[in-house]
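The structure appears below as structure tokens.
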Amino acid sequence: MAKFVPLRFWVTLAVYLALASPLAVGWIETWLAGNVPVLGPLLANLLTSRVLAWIIWVGIALFTVFQGWRLLWKLPLAGAWFANRYFPDLNGEWIVTIQSNWPIVERLKTAASSNEITFDPVNDARPDLMEANFDVKIKQTWFRTDVAFLPNEKTPLLSSETLSVEFFQSENGNKSVAWVYEQTNKQDNSRPLAVTDQPKFYGSAVLNVSEDATELKGQYWQNRSWNLGLNAAGLIVLRRKPRKSMIARLVGFTTQMMPKCSQD
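Heads up: the sequence shown begins at 14 in my numbering, then just goes up one per residue.
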């Protein structure tokens with residue numbers, strides 16, 4: 014977000030507002046004296062230029078650092094304009110579907126080590142892409158965005174760390190995200206990694222954002238086992254999970270608390 018509205022904009026805005034604060038204080042004092050004569054002198058003594066400047070700085074800090082900007086993005090009409098003018102709010106839980114070309118890579122590997130089996134990915138029928146699903150949480154602030162893949166029992170994923178996220182907006186208004194991450198895999202004696210896998214590797218993706226910001230879709234690639242020529246790539250789709258209503262959240266919270274109450 015800061016790429017479209019950088020920090021220097023907020024600093025400049027705060028400086029100009031602070032310089033204009035004496036005029037604002039004078040106008041407020043005049044209005045209070047004419048409309049609220051009882052509270053006028055008291056508020057006039059409290060609302061000094063220094064206090065007003067402090068309020069301006071705190072307001073900007075709440076808007077940027079503490080994600081106050083998300084309140085504007087939720088407004089009925091203005092929110093859509095902000096999302097279109099700058100970038101949509103991607104915070105929340107997502108379901109990710111990855112389709113990897115690993116079956117093709119594996120067929121090539123098998124054919125290379127055999128005298129009888131052959132495989133030409135250009136002319137022969139190619140196997141279907143391998144599909145995997147993950148739960149993902151996106152935390153987007155004004156200055157940074159983190160995309161965290163959550164581990165599951167079906168994959169060796171232990172954790173993922175976002176190294177960089179860049180937002181792009183074309184002249185026709187289409188929005189996309191460039192994402193670079195580092196993945197760490199589980200390592201234990203009960204389930205060792207395959208010889209074609211690695212305990213840690215890097216990956217990246219370029220994702221196109223749908224108009225309603227409920228889907229991110231594109232391609233990804235990684236450098237896992239690149240030295241063996243076995244690094245994979247493929248398609249990736251992130252779909253936003255439906256937000257739970259307040260009633261559903263209350264029911265879920267009550268369900269979680271009932272066993273604790275019964276134990277007590």
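Where a beta carbon is used, it is the ideal one built from N, C-alpha and C, also for glycine.
Supposed close pair S189, V219 - CB separation, criterion 8 angstroms: 6 angstroms
Alpha carbons only, please: which of R252, R237, R253, Q153 is nearest the one belonging to S113? R237
Round the Cβ separation of A161 and K150 to the nearest angstrom and send it over; I've been treating them as touching at under 8 angstroms. 5 angstroms
Is N97 helix, strand or coil when you go by DSSP? helix
Rounded distance between the beta-carbons of K213 and T197, thought under 8 angstroms: 5 angstroms
Using beta-carbon positions only, say whether A124 and I130 come within less than 8 angstroms of one another. yes
Span of the alpha helix (DSSP H) around A124: 115-125
How is the beta strand (DSSP E) around W192 delimited, first residue to last? 188-198
Ends of the beta strand (DSSP E) at W234? 228-235
Of the listed residues T175, F95, R204, W94, nearest to V193 (C-alpha basis): T175
If you run the structure through DSSP and keep just helix, strand and coil, what is A246? strand
Sorted by chain position, which residues of the same chain lie with C-beta nearer than 8 angstroms to G105's C-beta, five sequence neighbours on each side aside? K150, I151, R253, K254, R256
If you count every other CB in all the chains shown that lies within 10 Å of the CB of V78, and 16 or more means buried, which is it? exposed
Alpha carbon to alpha carbon, how far is A191 from N128? Give it in angstroms, no decimals. 42 angstroms
Residues that T175 bridges to, as DSSP identifies them: Y194
DSSP three-state assignment for R83, whether helix, strand or coil: helix
Nearest by alpha-carbon distance to F180: which of A91, F76, G81, D102 is it? D102
Does DSSP classify W239 as helix, strand or coil? helix
In this structure, does DSSP put M259 in helix, strand or coil? At M259 the pLDDT is 46, less than 50, meaning the model places this residue with poor confidence; the figure from the coordinates comes in the next sentence. If DSSP states are grouped into helix, strand and coil, M259 belongs with the helices.
Report the partner residues of A161 according to the DSSP bridge assignment. K150
By Cβ distance, which residues of its chain are closer than 7 angstroms to N165, with the 5 residues on each side in sequence left out? F147
Hey, N244 and Q235 are a contact pair by Cβ (cut 8 angstroms); roughly how many whole angstroms apart? 6 angstroms
Inter-residue Cα distance where the pair is L241 and F100: 39 angstroms
If you check the beta carbons only, do W82 and F76 fall under 8 angstroms apart? yes
Do L163 and K199 have their C-beta atoms within less than 8 angstroms of each other? no
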